[in-house]
Each structure stands twice: as C-alpha cells, then as structure tokens.
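Undergrad: Questions regarding the structure given below will be posed in turn.
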Amino acid sequence: FYDGYDNEAPVLHGFCGFTKPEPFQSSSNIVYISFSGDRKRLGNWFKLRYYQVPRVTDQDKNKVTE
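The sequence shown runs contiguously to residue 66 in UniProt numbering.
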C-alpha cells in the first residue's frame, strides 16, 4: 500500500501471509495497491475492505462540542 498515485509514493504498509493486518490511514484519498500472490497456494481469493473517514483539520481540533 502506497500513500499516493503509484509505487514511487511513500509506503503506507506492507502485508505478507494470512494474518489480518491492523487498520492504517493514508494522508489523502489516493492509495496505490500492489498485489502479488501465488495462485497455486492462494487460489482466486483476495479481500480488501476500506472506509472513508472524515478529515480532521487544525480548525476541527479547536472546536468544542456539547
């Protein structure tokens, strides 16, 4: 997972194996994903779940809600 348009962007996270990774967050709404796998071992499955989260700005940090 890269934090940008291509594999030249900073690496966000790398995953290997069958362990479920911890959630992570990108710096924008652009993420480049490079996937490689062994079809003989993995078969035809790959699952990815993503969520959009609100961006927190410096102004938001100073707001007080009741």
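Virtual Cβ for every residue (Gly too), placed ideally from N, Cα, C.
Buried or exposed: where does tyrosine 5 fall if 16 or more other Cβ atoms within 10 Å of its Cβ makes it buried?
TA: Exposed, by the Cβ-count rule.
Undergrad: Express the C-alpha separation of glutamine 52 and threonine 19 in angstroms, rounding to a whole number.
TA: If I take the Cα positions, the gap works out to 23 Å.
Undergrad: According to DSSP, tyrosine 2 sits in a beta bridge with which residue or residues?
TA: According to DSSP, tyrosine 2 bridges with Val11, Tyr32.
Undergrad: Counting only the same chain and skipping the five closest in sequence on each side, list residues whose C-beta sits under 7 Å from that of isoleucine 33.
TA: Result list for isoleucine 33: Phe1, in chain order.
Undergrad: Please return the same chain residues whose Cβ sits closer than 8 Å to the Cβ of phenylalanine 24, not counting the five positions on each side in sequence.
TA: Here the set comprises Phe1, Leu12, His13.
Undergrad: Would you kindly work out how many angstroms separate the C-alpha atoms of aspartate 3 and asparagine 29, rounded to a whole number?
TA: About 9 Å.
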